[in-house]
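Every number in this note's numbering is 564 more than the matching position in the sequence shown, counting from 1.
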Amino acid sequence: MKYTIDAKGKKLGRVASEAASALMGKKSVSFAKNAVAEIEVEIANAAGTDITALKKSRDVYVTYTGHRGGINRETLGALIERRGMKEVYERAVRRMLPDNKLRERRMKNLTVKE
């Protein structure tokens, strides 16, 4: 089953939340939390997402390499310039899915179209 979400004019969090819910299978009748749903989620028009200038400068993504002084900070605006909206949506949806063995298998069913 294919589930398409049009992101044009919508907020990032609302689209990502809807995609995460669909990837978990909560929109299907045969929902089981211990199985990967047979649903492919496509986010269309990702470049048309409504993101304010304040959010682009305020939201910071932090990663840690494991070494001393290895904290990397990147704003949302810099991430969009460097990697595009596809990476932003993948990070948002990944963090909304449960952290278990099924997360990566569910993420393979997500496609983002700019």
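Just so it is clear, CB atoms sit at the ideal spot from N, CA and C, and this is done for glycine as well. A quick note: this is a predicted structure, and the numbers were derived from the prediction, not measured.
Here's the rule I'm using: 16 or more other beta-carbon atoms within 10 Å means buried, otherwise exposed. How should Ala-586 be labelled?
Numbered from 1 along the sequence shown, position 22 holds the residue referred to as residue 586. Buried, because 16 or more other Cβ atoms sit within 10 Å of the Cβ of Ala-586.
So, at 7 Å on beta carbons, what are the nonlocal neighbours of Leu-643 in its own chain, with the 5 sequence-adjacent residues on each side left out?
Indexing the sequence shown from 1 puts residue 643 at position 79. Result list for Leu-643: Tyr-625, Glu-651, Val-652, in chain order.
Where do the ends of the alpha helix (DSSP H) carrying Val-657 lie?
Position 93 of the sequence shown holds residue 657. Segment 649 to 660, the alpha helix (DSSP H) holding Val-657.
If you run the structure through DSSP and keep just helix, strand and coil, what is Arg-667?
Position 103 of the sequence shown, counted from the start, is the residue given in the question as residue 667. Correct three-state label for Arg-667: helix.
As assigned by DSSP and simplified to three states, the class of Ile-644
As a first step, residue 644 is located in the sequence shown; it is residue number 80 there, counting from the start. In this structure, Ile-644 counts as helix in the three-state DSSP scheme.
Within 10 angstroms of the Cβ of Thr-629, are there 16 or more other Cβ atoms? Answer buried if so, exposed if not.
What you label residue 629 is simply residue 65 of the sequence shown in a count that begins at 1. So Thr-629 ends up on the exposed side.
Could you spell out where the beta strand (DSSP E) holding Ala-611 opens and where it closes?
Walking along the sequence shown from the start, residue 611 turns up at place 47. That residue, Ala-611, is in no beta strand (DSSP E); it is neither H nor E in DSSP.
Span separating the alpha-carbon of Lys-677 from that of Leu-661
Position 113 of the sequence shown, counted from the first residue, corresponds to residue 677. Position 97 of the sequence shown, counted from the first residue, corresponds to residue 661. Whole-angstrom Cα-Cα distance: 20 Å.
Here's the rule I'm using: 16 or more other beta-carbon atoms within 10 Å means buried, otherwise exposed. How should Leu-576 be labelled?
Along the sequence shown, one-based indexing puts residue 576 at 12. Label assigned to Leu-576: buried.
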